[in-house]
Amino acid sequence: MKIQLERLPHQVAAIDAINQAFKGVDVNTKNPDAGYIYANPILKYAGNEKSYIDIKMETGTGKTFVYTQMMYEMHKQGIFKFVIVVPTPSIKEGTKNFIISDYARQYFSGVPGYENVKIQLNTINAGDFKNKRGRRNFPAQLSEFVEATRQNVNQIQVLLINSGMLSKNSGMHKSDYDQTLLGGETNPMNAIAATRPVIIIDEPHRFPRNKVTYKAIEEMKPQLIVRFGATFPQTMTGKGKNKRTIIDYYRGEPQFTLNAIDSFNQGLVKAIDINYPEITEEEASRLYKVKSVKAKQLVLSRNGKDYPVNVNENLADVDEGFAGEITYAGGKKLSNELELQPDMKLIPGTFSQNYQDEIIQQAIDRHFEAEVRNFMRSESGGNAPKIKTLSLFFIDSIASFRGPEHTKGWLAKHFEKMLTKKLKQLIKKYEMSIESREKEYCEFLQATLRDLNAEHQQVYAGYFSEDRGSGDEAIQAEVDDILKNKEKLLSFKDKDGNWITRRFLFSKWTLREGWDNPNVFVIAKLRTSGSEISKIQEVGRGLRLPVDETGHRVQQDEFESRLAFLIGYDERDFAQTLVNQINEDAPIELNHDELTDAMIKLIVEERQKSDKSFDKDKLLKDLDAHNVITRSNEFKPDVEIDGSKMSGYEALIYFYPEVEHRTKVSSEKVRDHKQHPTTKVKLRKSNWKQLEELWKQLSKRQMIKFDNDVNDLAQTVAEEIFKDNENKIFVRQRPQMIKQKVVTKNNQAVIQESPTDYENNYLTMKYGSFLKKLATQTDLPVNFLHQQMIAAIKRLNGNKDYINERTLGNLVREFNKRLNERIKNSYSYEPLKFAASTSIYDAKKKEFVDEISANDLGVYSDERATNDDKYLYDRPPLRYDSANPELKILKRTYDNKIVAFGKLPKRAIKIPRYDNGTTTPDFIFKIERERKPIYLVIETKAANMRLGDETIRVIQKTYFDKLKESGVYYQMATSEQEVHDLINKLENGEEDINDITD
C-alpha cells in the first residue's frame, strides 16, 4: 500500500497565504554579490522581520506538507537553500521521514511546475561532528548543503537540524576544523550564513525570540524566516498597569490561521473520547499532593500533614496503596520513571498492577470496537476499502515490557493473556460467518492469534529511548517498523499475500512528539506523564485522519473517525482540561457584557461567506431591531425572543451562532465517554413514512454507466497525450553529479561548478513493468497502450531512455485529468436489482433506522430551536453544520403544503461519483400538490464556492435528473431565501424543470 497525498482545501489556503505574504526576489538589487552561485538570490526586505511569515496550523493538519510545498513554490523564483530548525531529535526524525518518503516525492513530482525538481535533504546529528582518526572534518551533509550551487536548477537543498545543534557547545559554533567551506570558511554557522538561507522554524513556541537558540538562528543571517506551529511564543508589552502578555507574531498576527477549534469543528482531525476506569470513593479520597520535590527529597501532603520521602525510600511506607516497590529515585523522579512536579496529584490505588490491567483491558476493548467498524465498513455498504487500526500504549517502565535475557516483562505477559482471550472470543463470533468481509476478518484474527503465539511474535512492538542504536536484531526490527515502515503498519498484507498483524505499539513517552501514524485509534496512558506538555500535544499522536488500504485519506464527512484516549482516574478532568485548552485558541475573546469590535468583525467575516452584502451596519441594525444592544453596543440584560426570555448576549448567539462556532469546540468533538456517551438523534418514523415510496428508489444500489463512446473517448484522449506535442510527457530521468574545478579569477582561486551527466546513464524501467502499471492505472487495454508506446518510441528515434517512472507518472496524471474533464457529462446511473443500506436506511429490513449519530446530522447544536411537527427528527435540539444557510433553512416555518422536511445525514443516499467516492445532498422537502406530491432536494454551498463544489453539483444533478418523472427536483442553493423562493414556485406550479436542475 502506498499513501496517497492529497492537497486539502485548508492546505491550499495556507500556500496561497504564504505566496501572498512573500515579498519575492529583488530583481532590481544593486548588491554586487547577488549572483553568488552558492547562495539564494537577494530577497526583497531581506532580514527585515516585518517581511517574515507566521503560519498557525493545529497539530495533525499537515504543516510539514505545507512547508515542503512552500519550498517547491519558492524554488520557482530561484530560491534553493532552506534550513529547517526543529526543537528535538524525534521531531527531526519525523520531518526527515516525511520529506524523503516515496509517497511525498511521488506526489510533488506530479505537481505541475515541480516535475523535475527534487529535494536533497541533508540531516545533521550531534555525532556527525565527532573526531575521526584525529582529523576534524565537517559533516559531509553540511558540505553538501553549503557548497551546492544554483547551477543545478532542478535541486532544492535543505539542511535539517534540531535546536541542540545550535548550542554554543555544539560543532556548529566551532572554528578549529582541518578543512574549509566555500574556499575559506572554517565556522559552520558563518558558512551557512553565506548561503543567504530561508529558515523554517517548526514548533515556534520552543524558540522565543529572547532566548539563546533564536539568537543562534539569527547568526545564520536568514533573509526570511517562516514559522509553522500550533502555538507561538508569548511576550510582554506595555508598562505598569498597561503591561500585558501578547502572542509574539512577526507582523502582529499570523498570515494564515487554522486554530484548534476550527480543526476539530471542521472535521480536519479525529474527534476524541476520553475513557478511564473508576475507583472506589475510599481510594479516590486517599489523594496526595506533591508539596515539594528536590534532588534528594520528595515531600507529599495530605489533609494538612506532610510526608517526607528520601532517596530510595518506599512510597508504601507513606501509604500501602502505593504498590509495586515504588521508591523515590531522586532527581525529581520515582523509580518507575514518573517525573514529579509541585502540586501534582498522586492516588495510591492507581499505582497497582490490577489498575493498569484494567486500563489495558479497556484499551483492548476499545481497539477491537474500532477495528471491527474500520474493517467491515458496514456504514459504507460493506464494500469500501478497509482501514487498519493501530493502538499506542504509553508505559512507565521498560522493565515491565522487556525482561532480562529476551524474556517478557509482567506487562507484556498480562497484555498477551488479555489479547489472546479477546481474539478467541472474536474468532468464535465470526468463524461461522458467510459474508465475505466477515470471513476475511476472521482470517485476520486467526493469523493474529498464530503470530501472537509464534516464537518471535509479530503482533505488538515497543520503542524506547534505550533502543537507539541497539544491536539486538529483533528489537531493531520492531523499532524500524514503528519509526520507518509507516506504510507497512498501515497495510493488511505484504507483497506475498501474508497478513501483517502488528498493530499494538508500546513506548515510554519516546513517541510523544515527532512521531505520528494516521491510523492510531486508541492511545492508552498507563501512568500520568507528569510533564507540562499540553493535552492537545498528548492526543496529537492520534489526531490525524486515517488512510484506508488503498492509501486514500478518509475525511470525516466520508467516515467519522474517533480517537479513544485512555487515562488513569487521577486525570479524570482530562476532557474538560483539553476542551479548555482548545477553546483558549479562539481567534477573539468573547465579551458577555458588550459587543466588541472583534466580535463584530468575526460575525461580518462569517456572514459574508454566504452574503457578500452583509456588513457592520446590517448587523447593528438587526440587533437594534430585536432590542439586543444599547446605543453604545452594550448587551441589554433582559431580551424576549420568540416568547423566550434571555440575556442580550444569549440573543446574539441565538441570531448569530457562528460567534460560538468559531470560539468554542463542539461538545461532540471531545467527550468524556462516561459522562457523555455517543449522542443519538431519533427519527420521527411517521414523517419518514412520507418519504417511503421515494426511498424505495433511492435505496437501490446504483451503477455508473458510461456512454458507449467513453471507451473511444478514453483512447482518443490517450492518443492525444502520447503525441506529446509540447514535449512535456516523455522525459528522460537521470542522476546528476556536480563537476568542480579550480579556476583563477581576479588573482584568486575559486571553485567553479557545473552539472554533468553521471556516467551518461539514465534511470529506466523494464518495459513489461512499465506497461503493466500504465494499464492498471488507466484502465486502458494493454494492446492499445503497446501500440501507442511503439509509435511514441519510434517518434523519439527508438530511445528507450524515455521508459521511466517520471514518464509513467506524467502519462497517468495527464490522462486522468483530461478524461475526467471530458466524461463529467458522459454517463448515467443505472439501478441494480438490490438495495444498499445507508446511514438512514436498513436494506435488509427494508425500513428506516430508529436513530442516527448526531454527528451525521451536524457538528453544532441549537438547544433553543422550537419543535416542528413536520421535521424528520425529534427537536430540539437542532443539529446543523453551518449557521447560514443551513440553520436558517431549518428554523424557517413552512406552510401546510410542506408535509415533511429535514436535513439529510451524511451517507444517507450515497450517490456514486464518477471520480470515486460518494456524495449526499443536504436537504429534502416533500411538497403536497393536487395531482401528486413532489420532492425538492437541496445541496447548500457558500456563495464563494470552493473548487470541487461544481463537480458535486454536476454529479448530483445527473443522478436526480433520472427521477424527474417521480417528481424529484434538485437545486444547489447558497441562501435560505433562494430555497424559500424555489419552494413557492413549486407549490404554485410555476417551476421550470430546466431552471431548477441546471
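Residues in the sequence shown are numbered from 822 upward in steps of one, following our numbering. Every residue gets a Cβ at the ideal spot worked out from N, C-alpha and C, and that includes glycine. Since the model is a prediction, treat every value here as computed from it, not as a measurement.
Self-check item: In chain order, each alpha helix (DSSP H) run of at least 4 residues that lies wholly inside the stretch 1649-1730
Solution: 1675-1678 and 1709-1712
Practice problem: Spell out the partners DSSP gives V1343 in its beta bridges. | Solution: S1212 and A1385
Quiz item: Count the other CB atoms within 10 Å of the CB of L1653; is the residue buried (16 or more) or exposed (fewer)?
Solution: exposed
Practice problem: Could you check the C-alpha separation between Y1756 and T1687 for me, to the nearest Å? | Solution: 24 Å
Quiz item: In chain order, what residues of the same chain lie with their CB nearer than 6 Å to the CB of L1387, ignoring the 5 residues before and after it?
Solution: N1096, I1180, Q1183, A1184 and A1345
Quiz prompt | Per DSSP, the bridge partner or partners of L1584 | solution = Q1554
Quiz item: Rounded C-beta distance between F1746 and I1719? I'm assuming under 8 Å.
Solution: Taking 8 Å as the upper bound for CB-CB distance, F1746 and I1719 are in contact here, some 6 Å apart.
Quiz item: Taking the Cβ atom as the reference point for each residue, do N1133 and I1147 lie within a distance shorter than 8 Å?
Solution: no
Practice problem: Buried or exposed for R1362, please, with buried defined as at least 16 other CB atoms from any protein chain shown within 10 angstroms of its CB. | Solution: Buried.
Self-check item: Unbroken stretches of the alpha helix (DSSP H), 4 residues or longer, contained in the stretch 991-1022
Solution: 1009-1015
Practice problem: Starting from the Cα of P1498, find the closest Cα among R1505, K1490 and L1504 and give me that residue. | Solution: K1490
Self-check item: Unbroken alpha helix (DSSP H) run spanning T1398, endpoints
Solution: F1395 to N1404
Quiz item: Looking at G1318 and T1171, is the spacing between their C-beta atoms short of 8 Å?
Solution: no
Exercise. Return the bridge partner residues of I876 from the DSSP annotation.
Key: According to DSSP, which records beta bridges pairwise, I876 is partnered with F1049 and F1077.
Quiz item: Which residues share a DSSP beta bridge with N1135?
Solution: T1148
Practice problem: May I have the straight-line CA-CA distance separating I1661 from K1510, to the nearest angstrom? | Solution: 13 Å
Quiz item: Which two residues bound the contiguous beta strand (DSSP E) that contains S1328?
Solution: F1325 to S1328
Quiz item: Could you give the residue range of the alpha helix (DSSP H) that holds G915?
Solution: P910 to I921
Quiz item: At a Cβ threshold of 8 Å, is Y1756 touching chain B?
Solution: Of the protein chains in this structure there is only one, and it is not chain B.
Quiz item: By the 10 Å Cβ neighbour count, where 16 or more other Cβ atoms means buried, how is D1677 classified, buried or exposed?
Solution: In this structure D1677 is buried. Its beta-carbon is surrounded by 16 or more other beta-carbon atoms within 10 angstroms.
Practice problem: Spell out the partners DSSP gives Y1791 in its beta bridges. | Solution: V1758
Quiz prompt | Among R1223, T1714 and N1131, nearest to E1287 - alpha-carbon criterion | solution = R1223
Quiz item: Can you pull the DSSP bridge partners for V1114?
Solution: In the DSSP assignment, the residues bridged to V1114 are L1119.
Practice problem: In angstroms with no decimal places, state the Cα-to-Cα distance between F1781 and S1382. | Solution: Near 30 Å, if we compare the C-alpha coordinates of S1382 and F1781.
Self-check item: Beta-carbon proximity check, T1269 vs T1322, cutoff 8 Å
Solution: yes
Self-check item: Cβ shell of D1302 (< 7 Å), same chain only, five flanking positions each side left out
Solution: Same-chain partners within the cutoff: A1282, K1309, L1310 and R1323.
Quiz item: For Q825, which residues of its own chain have a beta-carbon under 6 Å away from its beta-carbon, when the five flanking residues on both sides are left out?
Solution: Once the five neighbours on either side are set aside, the close Cβ partners of Q825 are G1372 and H1373.
Exercise. Quick one: measure Cβ to Cβ for L1211 and N1340, integer angstroms, because I've assumed they're closer than 8 Å.
Key: 5 Å
Practice problem: Report the three-state DSSP secondary structure of Y1128 (helix, strand or coil). | Solution: strand
Quiz item: Between the beta-carbon of A1037 and the beta-carbon of L987, is there less than 8 Å?
Solution: Remark: C-beta atoms of A1037 and L987 approach each other more closely than 8 Å.
Quiz item: By Cβ distance below 8 Å, which residues in the same chain neighbour D1736 in space, the five residues on each side in sequence not counted?
Solution: N1641 and T1772
Quiz prompt | First through last residue of the beta strand (DSSP E) which encompasses E1461 | solution = V1460 to I1462
Practice problem: List the DSSP bridge partners of Q978. | Solution: In DSSP, Q978 forms a bridge with K902 and Q941.
Exercise. Apply the 10 Å Cβ neighbour rule to M1524 and answer buried if 16 or more other Cβ atoms are within range, or exposed otherwise.
Key: exposed
Quiz item: Of all the options Q976, F1285 and Q1598, which has the alpha carbon lying nearest to the alpha carbon of W1336?
Solution: F1285
Quiz item: Roughly how many whole angstroms lie between the Cα atoms of T1833 and K1457?
Solution: Because residue 1833 is not part of the residues shown, which for the chain are 822 to 1819, the question remains open.
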